[in-house]
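Going by the numbering used here, the letters in the sequence shown line up with residues 210 to 506, in that order.
Here's the structure, in structure tokens; my notes come after.
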Amino acid sequence: MNEDAAPPPPVLVSPPAGEPLPIVVDSPHSGRWYPPDFGVAAPLDLLRQGEDLYIDRLWAHAPQVGATLIAAQFPRAYIDPNRVLADIDEALLDARWPGPVAPGPKTALGIGLVWRMLGEQPIYGRRLSVAEVQRRIDRCWAPYHAALAAAIEGAHARFGAVWHLNVHSMPDDSYEHLKLPVKPLADFVLGDLDGRTCGDEVVALIETVLRDHGYSVARNDPFKGVEIIARNGRPAERRHSLQIEVKRSCYADVQRHEPNDGFARVQAAIDAMLGALAAHVRGQMGTGSGQGSTGRR
């Protein structure tokens, strides 16, 4: 845990480096600052298995194409921004939750709003109080969603459209974690809740760029997307949200918690994807460069 270090802000927002475009990239699960009030029994090495390891670094060049990059600084096991507030695991609490309770399928795996399990191992040796869960919501979950909403709504208000990428990494044994029949896992998985949150032309563009860089790509298998793209993706309103998962072994040594020799190659593919998306967005806005126009129509 980070007992002695001063806490960072819960969310890091990196604005466009130059000409802004209505592209928002968010990394809700790459946080590496473990709060001293976590109060876990599990060792740090186990907790770190839940991180989307260095995803914020893989996507660090997004502002260079005009995108806004948003990254959580807290770990997803502490509180998960990609869950609805009602996704409460009552088995983890020492008292009845005062608000709505609607646990989803992730809660059955022990990974609801506040994680109870990591794989087959419990995270805590105790039950959590309602007050400490509420503090996590107020200090982490709510600021993350406020920052993301500000970026997405601001882009849509200015340009009349927004393209949102919700970015993650996935362990090589994802099917086992999800208790699904095991089969080969693609290098990248694009999730749009089975076509509901993102225009197919955007998904196809990104899929093509990744395949052209030598990576295998699947759609919605095994990850379709969860709360964040469900909340923000409405293609009929020119609000496109796509979840992008990359297999961790493609770019990281998960045992040593550090980038591997594939990191630069994966980042190059992501940079090319961002460049292609930026060109697509400019075309959709009806301008050659995007300068001097809101693009609203």
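All C-beta atoms in this analysis are idealised placements derived from N, C-alpha and C, irrespective of residue type, glycine included.
Just so you know, these numbers come straight off a predicted model, no measurement behind them.
Item	Value
Report yes or no: do three or more beta-carbon pairs, one from the stretch 319-326 and one from the stretch 404-416, lie closer than 8 Å?	no
Consult DSSP for Leu389 and reduce its assignment to one of helix, strand or coil.	coil
Should Arg292 and Glu454 be called a contact, given that it needs their Cβ atoms to be closer than 8 Å?	no
Is there a Cβ of chain D sitting closer than 8 Å to that of Val371, yes or no?	No chain D is part of this structure, which consists of one protein chain only.
Given this structure, state the Cα-to-Cα distance separating Arg348 from Arg465, to the nearest angstrom.	30 Å
Taking Cβ positions, are Val426 and Phe397 nearer each other than 8 Å?	yes
Using DSSP's beta-bridge definition, name the partner residues of Ile279.	Val222 and Asp235
Can you name the start and end residues of the beta strand (DSSP E) that Val426 belongs to?	Val426 to Arg428
May I ask you to list the residues that DSSP assigns as paired with Phe397?	Val426 and Val455
How would you label Ala488, buried or exposed, when you count the other beta carbons within 10 angstroms and need 16 or more for buried?	exposed
Under three-state DSSP, which class holds Ser450?	strand
Taking the straight line between their C-alpha atoms, what separation do you get for Ser450 and Ile361?	10 Å
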